[in-house]
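Read left to right, the sequence shown gives residues 7 to 389 (the working numbering).
Taking it in order: structure first as C-alpha cells, then the write-up.
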Amino acid sequence: MKISLLVPEVNLRPTARPRACPYCKKSILHRHGTVLKPIKDHKIQREVEAHRYKCVSWGRTFRHYPNGVTSKDQSQRTVVLAALMYGLGLSCSAASHLLGALGAEVSQITVWRDAQEAGEALRRSRPAGRVRIASLGADETIFKVRGREVVVGFVVDAQSGKTMGFEVLFEGDGQAFKKWLEPYVKEFGVEVLVTDDNDSYGVAASELGLSHQLCIAHVRKYVKRRSKSILEQAEGEWGEQEEKYKKLEEDLKRLRGLLEELPEEGEKQIGQMHREYLWAQPPTRGEEGAKAKEKASCGYRMRMLTLELWNKWQKIQLYLRRPELSLDGTNNASERSIGRSKVRYKTMRGYKSVEGMSNGVVLTQWLYSGEDEHDLLAEVIAA
Numbered sequence: 007m008k009i010s011l012l013v014p015e016v017n018l019r020p021t022a023r024p025r026a027c028p029y030c031k032k033s034i035l036h037r038h039g040t041v042l043k044p045i046k047d048h049k050i051q052r053e054v055e056a057h058r059y060k061c062v063s064w065g066r067t068f069r070h071y072p073n074g075v076t077s078k079d080q081s082q083r084t085v086v087l088a089a090l091m092y093g094l095g096l097s098c099s100a101a102s103h104l105l106g107a108l109g110a111e112v113s114q115i116t117v118w119r120d121a122q123e124a125g126e127a128l129r130r131s132r133p134a135g136r137v138r139i140a141s142l143g144a145d146e147t148i149f150k151v152r153g154r155e156v157v158v159g160f161v162v163d164a165q166s167g168k169t170m171g172f173e174v175l176f177e178g179d180g181q182a183f184k185k186w187l188e189p190y191v192k193e194f195g196v197e198v199l200v201t202d203d204n205d206s207y208g209v210a211a212s213e214l215g216l217s218h219q220l221c222i223a224h225v226r227k228y229v230k231r232r233s234k235s236i237l238e239q240a241e242g243e244w245g246e247q248e249e250k251y252k253k254l255e256e257d258l259k260r261l262r263g264l265l266e267e268l269p270e271e272g273e274k275q276i277g278q279m280h281r282e283y284l285w286a287q288p289p290t291r292g293e294e295g296a297k298a299k300e301k302a303s304c305g306y307r308m309r310m311l312t313l314e315l316w317n318k319w320q321k322i323q324l325y326l327r328r329p330e331l332s333l334d335g336t337n338n339a340s341e342r343s344i345g346r347s348k349v350r351y352k353t354m355r356g357y358k359s360v361e362g363m364s365n366g367v368v369l370t371q372w373l374y375s376g377e378d379e380h381d382l383l384a385e386v387i388a389a
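Written as C-alpha cells, this is what we have:
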C-alpha cells in the first residue's frame, strides 16, 4: 500500500499581518515588537522570529507566529512527524532517538503526547456526508491494557475494507453484539453482516433482521480441525479396518470437498449425509452426583457436525446467491483492519489506559485508510 503523508512547512518569520485580535476579533492592530522564539525542528536551527501586536480596542498584546509554529516549543512539523512515526510502528523511544538524530530533540513522553493528541482529534472528527453500506464486516481482537486483556470489536465496510469504527466489548453474548452493531446498521442502512462462525454474531444478525454471510475460510479451517479430531477418535473406538471407519473417512473427505466447491446441491447432500448418522446416540448424562457425563462418540460428533453445516449452508453460500454485493465470502476485510493496528501494537508491551489504546488505534486506522493523501495537521485543525 502506498501512503502519501503531508508534512507542514515551517517559516522563519511571519509573512503577513494577523487579520484580527484573537480575543475581541477587532481588526485594528498595532505592531508592538519582535521576539525570538526557541523551536525544536529538524530543519531550523534553534529559533524563529515572532511578531508582537497590540489590539487598539482591547489593549492586550499577543504573538503572531510564522506558519508551522505555535506556542509549543515544537514546530507543527515535529509534532506531526512524531505522531506519524508512532502510528507507523516506531516505539516512543525509537521515534525520540530518530528525531534527535535529525536535529529535533524531543523526549519519549513528548512523542507519546503528540500521538495521543492526534488520536483524540481524529476520534472527534466525523466523515462528511451520509454513506450507505450494504454489507458490514465485524470481528474482535484482544489488546492488553495495564496487563489485562481487553476485547475490541472492529466494524468495516465489507466491500471497500474501510474501517467504520471500533468499540471495547465487555460481554460476548448475542445481545451484547446486537447492542454494539445496531447503531452502525441504522446509520449506514446495512443489509448483510459478514463475520466468522461465532454464534453470537448469528444471534445479533437475526435480531437485527440482517442476512448473514459466514467467513468460508473460517468454516473450512474449523471443519478440517474437527475432521482430524473425529478420525483420531474413530481410530481408537473402531480401528482403521472397520467398515464404519472407512465410511467416516470418506464422508469427511466429501464434506471438505463440498466446502471447497460449494455446489448448489450441497445443502441437500449434507442433509443426506446427516441422516446416515442418525443411528449415533448422544452421550448419556451421569446420575445425580456423578462427576461427568459420558464422552460423545465419534459417530455422534459426525452427526452433530453435519447438522451444524446443514443449518449454516445458506449463510456459507450467501455471497454466491447475491453477486451484486461483490463479496468474496471471507471476513478478510475485518482481519486486515485489525492488522493495521496490530502492527503498531506489536512493538509495545501494552497500553496504559483504554483512552490511550483508542487513540493509538484510531491513528493507525487513519494512516492505512487508503486515502490518496494524509494531512494530519489538517485533520487536527478541523477537529
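Here a beta-carbon is modelled for each residue, glycine too, at the ideal position from N, C-alpha and C.
Counting only runs that start and end inside the stretch 92-172, the alpha helix (DSSP H) elements of at least 4 residues fall at 98-108 and 114-130. Taking every protein chain shown into account, the CB of GLN219 has 16 or more other CB atoms within 10 angstroms, so this residue is buried.
For a cut-off of 8 Å, the C-beta gap from LEU142 to LEU199 is around 6 Å, short enough to register as a contact. For the 7 Å CB-CB criterion, ARG58 and HIS36 do not form a contact. An exposed status is given to LYS274, since fewer than 16 other beta-carbon atoms sit within 10 Å of its beta-carbon. Taking C-beta atoms under 8 Å as the contact rule, VAL161 and ALA182 fail to qualify, at a distance of about 14 Å. Here the alpha carbon of VAL151 sits roughly 30 Å from the alpha carbon of ALA211. Judged by DSSP in its simplified three-state form, GLN239 adopts helix. At least 7 Å separates the beta-carbon of TYR71 from that of ALA88. Judged by DSSP in its simplified three-state form, HIS48 adopts coil rather than helix or strand. For VAL196, the three-state secondary structure derived from DSSP is coil.
Using a 10 angstroms sphere on the CB of ASP47, the tally of other CB atoms reaches 16 or more, which defines it as buried. If you keep only unbroken beta strand (DSSP E) runs of at least 3 residues inside the stretch 177-233, you get 198-201 and 217-220.
By the 16-neighbour rule on beta-carbons within 10 angstroms, GLU300 is exposed. By the neighbour-count criterion, in which a residue is buried when 16 or more other Cβ atoms sit within 10 angstroms of its Cβ, TRP285 is exposed. If you draw a straight line from the Cα of GLY195 to the Cα of ILE139, it is about 6 Å long. Excluding residues up to 5 positions away in sequence, VAL86, ALA89, LEU90 and ALA124 lie with their Cβ nearer than 7 Å to the Cβ of LEU382 in the same chain. Between the alpha carbons of SER33 and LEU94 lies a distance of about 43 Å. Below 8 Å, too few C-beta pairs join the stretch 161-178 and the stretch 228-244 to call them touching: fewer than three.
Residues CYS30 and LYS32 of the same chain have their beta carbon placed closer than 6 Å to that of SER63, with the five preceding and five following residues left out of the count. Take the alpha-carbon of ARG226 and the one of LEU258: they are about 12 Å apart. In this structure, DSSP gives LEU258 a helical state, which the three-state scheme calls helix. Sequence-distant partners of GLY74 (beyond 5 residues in either direction) whose C-beta falls short of 7 Å from its own C-beta, in its chain, are PRO14, GLU15, VAL16, ASN17, SER81, GLN82 and ARG83.
Put simply, of GLU193, PRO28, VAL191 and CYS221 the residue whose alpha carbon is nearest the alpha carbon of ASP205 is CYS221.
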